[in-house]
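Chains as they are written, first to last, in our numbering: chain A, 1388 to 2093; chain B, 246 to 883.
Every residue, glycine too, gets a C-beta built ideally from N, C-alpha and C.
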């Protein structure tokens, strides 16, 4: 087993995480080059090679896996700098992107800008053709019509075309023919067809997945080609792997077939990273959080499986594809605290960002932020922020906090404590959204901490949800880059074939599964996975007859028998009851689509135990004693501050304490305890008795709004 | 915080702001979870896809105070407290832990018979503290007419199965007798059952979560919160209304027809604004109609307050603290406040939209920057029913409410209007059934769901477009359609020089090539080989069309929202046919000519029955039917 490299591109730095053959992890940073992100990758590789007195060719010859989380697809959508796009719909339906699902997010805001239709209407055309729900052709494709549309597209300089016709997932012949004609009429245009991108029922999400694919595809393809050429000519022997929104990676050629999967490529590595960290400590039910400067992301892992959703969006446009179920809220270190016109204290979603940043950065920010609150409360060390790369100005933080403290009738410490608590409730809301609202009881889960601000808030928000354990890995600040090293290769397959458990054509369903699984195994084998590394899981999109929304339920592997229909129905009844409080036992179950997820398991990184040095005792690791405010005590208490990196494995310390790590600061409240594990992680245990009731009721009553 | 002092709120009730904010967020999550439970698990498309439902938590005081109503359909949420108050009044001290109570009768505080309200009390340490409630539009109401919006019904007995407050579960035990009585009286038994279970599941979810919060924080915290959140909404509402111009304003709005042939009925409105309070009085409105276009009281005060709420900041909680600033008065026996046993099947839709329009027109005078031009009324949607004969066997009854072709919204000062706003009662809070789901689930084939050129009112900001929705029955033999809409005779108004939307039309494409046009409330059958087309109106425009930036008009022409003809006629913008580009010089000349001697009206149209689009569409041989009544065989026995 050689070296693995994960590359995550950030706004400022391009992060390399390198797993050496020994299992040792090292982080290398090189300035990002936004105009041509691959340049920073090349520079970084040259630097890594040079450190070992090797040429890039020699260095890459020793690399087994090169996994990349690319921002190029996400940024293309956010910055809207993709190709000029045309969309071809079925005649009569050119407004699918404008009409969406018809729902306006905020009913009472009558001054909201009308919906963004992504492609101007004159470049969305309806072609004369029609296929019915059962695949029959109602109207044949009019080739004259499509050629006329394409002439108009050419006149407007269209560079990429998305084709999304009704019912193409049951009969793709019209879409295929349209694609052929486009290649004749617009030979330089990039083409994406919906049956290939997402062969699932519901025209709006399918169209979105196709439009996004056509929009990011050309840019992504060009970028990946450049990067692959470079790697190949510099001695890398395998296929470049790209992190996907599914939480698994795939070869770049696979991702280029369905470019929508490359959107959210970096953040999607968070959940698999959390899973690896959790599994190292035998925890399989996890809530993985990542709190950075402007936003907070959370996702769940249940019984070792990432939770997926079909409702993820970018810039308000649904991705359509099944993606890691990640909830994001505007809560980060830079989130600004403010008082609304009813006198309520709020935090976020507006953020001071990196410029000017929190007031304590001393870069001109004057509004109070979460980081300012954390500094005032004593959680952050003014002289040791970002591992000592930056110092913080407490006076400026207090000046800023005074802006809200005064109208609230509080002193700055009380105001800072309120900001800390409220930003925590915002994050708790996001955590509830991916747990209780999905029928998941968070109390059975362990929090895995990521992000620079994560360690400071993790235990407090966990406690709010009744969670007992928080694990912060050594690599918390670079959780996503780490995730790329450990995420499995994953491909997903979907066949739309409406069926009922009352009359299941078992032979046909077996054929469908066999065909998808053949493709899956072939593809993974081609990438060098051995049969024992390949895991296939099956799902069905199931619902009661007349019900509109499906549940994705697991389907047993192997050859289905006649009575398998009953098993599928039983699984559905059970899942429906768990989620929605009731089921209808005697009702047959409709299945609209059959799915296969194929996972190629990467060899595990060499045992992490070896990674942790012996370390020092707590006395030696003690940096200072600081006055720190805790809600539990209602006042500042003298609190030991440790250099976390120095603490030896097996150390157990009881709070209150602060442990400063290179990329985050852990706040351990009174009654909580901190354990340093031999895997390099830090575990905070929260005793059950320490409930939040005390802080909600027992806190000093403050008269406000007056 | 001088605002707070001015409002005279009881400062003693204050709780610490951190706890307030924590509880506030926690309750929002509870109500969101109730909504998701409802949406994901309901069966009929009206609930699971279109979201025609609302969930909320109230305290147990009389009248009940809303703790959280964030995620609702506007026409439900301010009416729900009226229903809960009726339930509380009806059962008095006979409300027990584990009860689940259902009610659909408008004379017991619901909006209309289609909206079933399910509520469950939440007890803590033996005391009834809160309610969890969910309102949901049902696929059937057990009316002799085969629709859940039987506008043709002229009294409550024709309207459907009236449910006064009734315990479906008592002390935690399902009452099998009650459930069976309900199901026996409904069509589509299976999915009426599924929908009911999902609605019950939703309120039980709310109950469970609130009980957890009570255990965690104690009753006193939540009680203090319920007082505090009312003060909070009170302060924010008062501050906003104080910015409206004091004075007395008058307006009029109209209902097209009542399903029995009565047309162009008036809602008259007098709005008085004094400081932080608004009084809305519908004295002088027309007597109540025969058909079901009368507002129940719950609907009236809801529809009247919704436009005011939409002029506030959208995140102000819509509880008593907020609503107490809006006093609504409506004389009994008018279409704005029905008298027993008058019919109200269409209450939340047709009279509600006219009531909201009348209030909008007053607000346009009192708060011109905040107000909006007219929204299209609910139209040309229908309840479509028939037998699905695609599979072998006897044919399976189906029913669906199609919102796919709904009306556009009005423009405001800064923005063009949205498409698919449905109506003032929903302001965009519905969804439509995706075409593929529709075609898979029902024996229907959709030909068109697309923007209709020139359907919206011109203006400096133009209205949102209306749509064309063209459907054909396929695999059923025939379907019966029960449209329940409005706004064709009386299209959405334009504001401050903006023009009205065109009003739309509704017709059947007959096998012989002719077309039969219908009023927006009607009944019509469509056989295989025929099809029907709903043309919804766009919204009204805001401000002088001659002030619209020529390049925006040019884009609208290129994109097919506006025709080149209308660009010249309404906007004074000349488009060069070959290039689709704006002729700047010709535009300046045309605009200068058009601007001469012109005065900009505040509101157009300001007269009843101004809609003419549908008339202009009729060709020789086409016919028009006003409020046709269903025949005897419009049922599932065919």
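**Report entry** Spatially closest choice to residue 268 of chain B from B:465, B:646, B:428, by CA coordinates
**Finding:** Out of B:465, B:646, B:428, B:465 has the C-alpha closest to the C-alpha of residue 268 of chain B.
Query raised in the report: Could one say the Cβ of residue 877 of chain B lies closer than 8 Å to chain A's Cβ atoms, at least one of them?
Result: No, residue 877 of chain B does not count as interfacial toward chain A.
Query raised in the report: Applying the criterion that 16 or more other CB atoms from any shown protein chain within 10 Å of the CB defines a buried residue, is residue 1670 of chain A buried or exposed?
Result: Residue 1670 of chain A should be labelled buried.
Report task. Consult DSSP for residue 1928 of chain A and reduce its assignment to one of helix, strand or coil. Result -> Secondary structure of residue 1928 of chain A (DSSP, three-state): strand.
Query raised in the report: What's the call for residue 1997 of chain A, buried or exposed, on a 16-neighbour Cβ count within 10 Å?
Result: Because residue 1997 of chain A carries a pLDDT of 44, less than 50, the predicted location of this residue cannot be relied on, and the following value inherits that uncertainty. So residue 1997 of chain A ends up on the exposed side.
Query raised in the report: Which whole-angstrom value is the C-beta distance of residue 1754 of chain A and residue 1739 of chain A, which I expect to be below 8 Å?
Result: Taking the Cβ atoms as the reference, residue 1754 of chain A lies roughly 6 Å from residue 1739 of chain A, within the contact range of under 8 Å.
**Report entry** Endpoints, beta strand (DSSP E) assigned at residue 770 of chain B
**Finding:** DSSP places residue 770 of chain B in the uninterrupted beta strand (DSSP E) bounded by 769–772.
Requested in this report: My understanding is that residue 1942 of chain A touches residue 1925 of chain A, with C-beta atoms under 8 Å, so please give their C-beta distance in whole angstroms.
Outcome: Indeed they touch by this definition, with Cβ atoms about 4 Å apart.
**Report entry** Coarse secondary structure for residue 412 of chain B, derived from DSSP in three states
**Finding:** Note: residue 412 of chain B maps to strand in three-state DSSP.
Requested in this report: Using 10 angstroms around the beta-carbon of residue 1526 of chain A, count the other beta-carbons present and answer buried if the total reaches 16, otherwise exposed.
Outcome: By the neighbour-count rule (16 or more Cβ atoms within 10 Å), residue 1526 of chain A is not buried but exposed.
Requested in this report: With distances taken Cα to Cα, identify the nearest neighbour of residue 1983 of chain A among A:1806, A:1709, A:1411.
Outcome: Closest by alpha carbon: A:1709.
Query raised in the report: DSSP state of residue 1981 of chain A, grouped into three classes?
Result: Shown here, residue 1981 of chain A sits in a strand according to DSSP, grouped into three states.
Query raised in the report: Near residue 382 of chain B, which residues of its chain fall below 6 Å by C-beta distance, leaving aside the five closest residues on each side in sequence?
Result: Correct list, in chain order: 291, 297, 359, 360.
Report task. Spell out whether any CB of chain A is found under 8 Å from the CB atom of residue 193 of chain B. Result -> One cannot answer for residue 193 of chain B here, as it falls past the ends of chain B, which runs 246 to 883.
Query - Unbroken beta strand (DSSP E) run spanning residue 908 of chain B, endpoints - result: Summary: the structure shown does not reach residue 908 of chain B, with chain B confined to residues 246 through 883, and so no result is reported for it.
Requested in this report: State buried or exposed for residue 877 of chain B, treating a residue as buried only when at least 16 other CB atoms are found within 10 Å of its CB.
Outcome: Label assigned to residue 877 of chain B: exposed.
Query raised in the report: For the region 1597–1607 of chain A against the region 1461–1477 of chain A, are there 3 or more C-beta pairs whose distance is under 8 Å?
Result: Contact between the region 1597–1607 of chain A and the region 1461–1477 of chain A is present, because at least three Cβ pairs lie under 8 Å.
Query raised in the report: Which ranges would you report for the beta strand (DSSP E) in the region 293–351 of chain B if only whole runs of at least 3 residues count?
Result: With a minimum length of 3 residues, the continuous beta strand (DSSP E) runs that stay inside the region 293–351 of chain B are 298–304, 311–313, 345–348.
Query raised in the report: Between residue 1442 of chain A and residue 1672 of chain A, is the Cβ-Cβ spacing less than 8 Å?
Result: For residue 1442 of chain A and residue 1672 of chain A, no; Cβs fall outside 8 Å.
Query raised in the report: Of all the options A:1563, A:1494, A:1492, A:1846, which has the alpha carbon lying nearest to the alpha carbon of residue 1516 of chain A?
Result: It is A:1563 whose Cα lies nearest to the Cα of residue 1516 of chain A.
Query raised in the report: Quick one: is residue 1892 of chain A near chain B, going by C-beta distance under 8 Å?
Result: Chain B places no beta carbon closer than 8 Å to that of residue 1892 of chain A, leaving this residue out of the contacts.
**Report entry** Between the CA atoms of residue 1827 of chain A and residue 1713 of chain A - distance to the nearest angstrom
**Finding:** Going by the C-alpha atoms only, they are around 15 Å apart.
Query raised in the report: Three or more C-beta pairs closer than 8 Å, one from the region 1967–1985 of chain A and one from the region 1729–1738 of chain A: is that the case here?
Result: Touching, no.
**Report entry** Bridge-paired residues (DSSP) for residue 1835 of chain A
**Finding:** Note: residue 1835 of chain A sits in a beta bridge opposite A:1675, A:1858.
Query - Chain-order list of residues whose beta-carbon lies under 6 Å from that of residue 519 of chain B (same chain, five-residue window excluded) - result: Same-chain partners within the cutoff: 491.
Query raised in the report: Are any of the Cβ atoms in chain B nearer than 8 Å to that of residue 1805 of chain A?
Result: Contact with chain B is found for residue 1805 of chain A, since one of that chain's Cβ atoms lies less than 8 Å from the residue's Cβ.
**Report entry** Inside the region 1849–1921 of chain A only - beta strand (DSSP E) runs reaching at least 3 residues
**Finding:** Qualifying beta strand (DSSP E) stretches, in chain order: 1856–1859, 1876–1887.
Query raised in the report: Among the residues of its own chain, which have a CB less than 7 Å from the CB of residue 424 of chain B, if the five just before and after it don't count?
Result: Here the set comprises 413.
Query raised in the report: Any C-beta of chain A sitting closer than 8 Å to the C-beta of residue 565 of chain B?
Result: Residue 565 of chain B does not count as touching chain A.
Query raised in the report: residue 1590 of chain A touches chain B at which residues, Cβ-Cβ below 8 Å?
Result: Within chain B, the C-beta atoms nearer than 8 Å to that of residue 1590 of chain A come from 679, 680, 681, in chain order.
Query - Candidates B:264, B:281, B:271: closest to residue 1968 of chain A by CA position - result: With distances taken between Cα atoms, residue 1968 of chain A lies closest to B:281.
**Report entry** Spatially closest choice to residue 1785 of chain A from A:1810, A:1807, A:1777, A:1746, by CA coordinates
**Finding:** Here the closest residue by C-alpha is A:1746.
Query raised in the report: In the region 1822–1833 of chain A, which residues sit with their C-beta less than 7 Å from some C-beta in chain B, listed in chain order?
Result: The region 1822–1833 of chain A vs chain B, Cβ under 7 Å: 1823, 1824.
Query - Nearest candidate by alpha-carbon position, reference residue 1618 of chain A, set A:1449, A:1557, A:1779 - result: For residue 1618 of chain A, the nearest C-alpha among the options comes from A:1449.
Requested in this report: Could I get the ranges of all uninterrupted alpha helix (DSSP H) runs contained in the region 1946–1982 of chain A, with 4 residues as the minimum, in chain order?
Outcome: Counting only unbroken stretches of 4 or more residues, the alpha helix (DSSP H) elements lying wholly within the region 1946–1982 of chain A are 1951–1967, in sequence order.
Report task. Taking all protein chains shown into account, decide if residue 262 of chain B is buried (16 or more other Cβ within 10 angstroms of its Cβ) or exposed. Result -> Residue 262 of chain B is buried by the Cβ-count criterion.
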